[in-house]
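Trainee: My questions all concern the structure below.
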Amino acid sequence: VLIADPKYIEKFVHALIQKLKMKRVGPTEIKRFGHGNLRGFSMMQFIETSTIIAHFDEFGNRAFIDIFSCKKYDPKLVTRFCQKFFKAGKTTMYVEERK
Numbered sequence: 015v016l017i018a019d020p021k022y023i024e025k026f027v028h029a030l031i032q033k034l035k036m037k038r039v040g041p042t043e044i045k046r047f048g049h050g051n052l053r054g055f056s057m058m059q060f061i062e063t064s065t066i067i068a069h070f071d072e073f074g075n076r077a078f079i080d081i082f083s084c085k086k087y088d089p090k091l092v093t094r095f096c097q098k099f100f101k102a103g104k105t106t107m108y109v110e111e112r113k
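The sequence shown stops at residue 113 when you use our numbering, and every number in between is there.
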């Protein structure tokens with residue numbers, strides 16, 4: 015399972031940042047924790063314009079990816095990129111625009 019591989023998760027965040035044309039600030043933090051059905055990896059990456067955070071639910075085989083940035087980006091492009099990278103069957107996108 016791709017979402018249970020910390021090296022793949024790190025590869026993902028580096029590729030995503032490149033796709034977004036953003037810059038990383040510091041190392042990618044990846045930790046696995048929780049118990050039973052709630053066990054999985056979480057990832058956090060500072061970027062020059064804010065943060066990228068993701069939580070991976072190994073039991074439900076789901077990923078929750080949050081890109082918080084002051085720099086504009088195309089959320090549909092990012093959704094397609096994430097779906098392809100993790101070979102996801104379906105996605106749900108929620109966008110909140112800053113004003």
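Heads up, the beta-carbon is just placed ideally off N, CA and C, and yes, glycines get one too.
Computed from a predicted model, the values in this text were never measured in an experiment.
Nearest-angstrom Cα distance between P89 and I81?
Mentor: One C-alpha to the other measures close to 9 Å.
Trainee: What separation, rounded to the nearest whole angstrom, lies between the Cα atoms of K101 and K25?
Mentor: Cα to Cα, the separation comes out at about 14 Å.
Trainee: Give the secondary structure of F99 by DSSP, where H, G and I count as helix, E and B as strand, and everything else as coil.
Mentor: The answer is helix: DSSP assigns F99 an H, G or I state.
Trainee: Given a cut-off of 8 Å, decide if F60 and I44 are closer than it, judged by their beta-carbon atoms.
Mentor: No, Cβ-Cβ distance for I44 and F60 is not below 8 Å.
Trainee: Out of S83, V27, K85 and D71, which one is the CA nearest neighbour of R46?
Mentor: That would be D71, whose Cα lies nearest to the Cα of R46.
Trainee: Check the DSSP bridge columns for K25 and list the partner residues they point to.
Mentor: In DSSP, K25 forms no bridge with anything.
Trainee: Going by CA-CA distance only, name the one from T105, M107, E110 and F95 that's closest to H28.
Mentor: Nearest of T105, M107, E110 and F95 to H28, Cα basis: F95.
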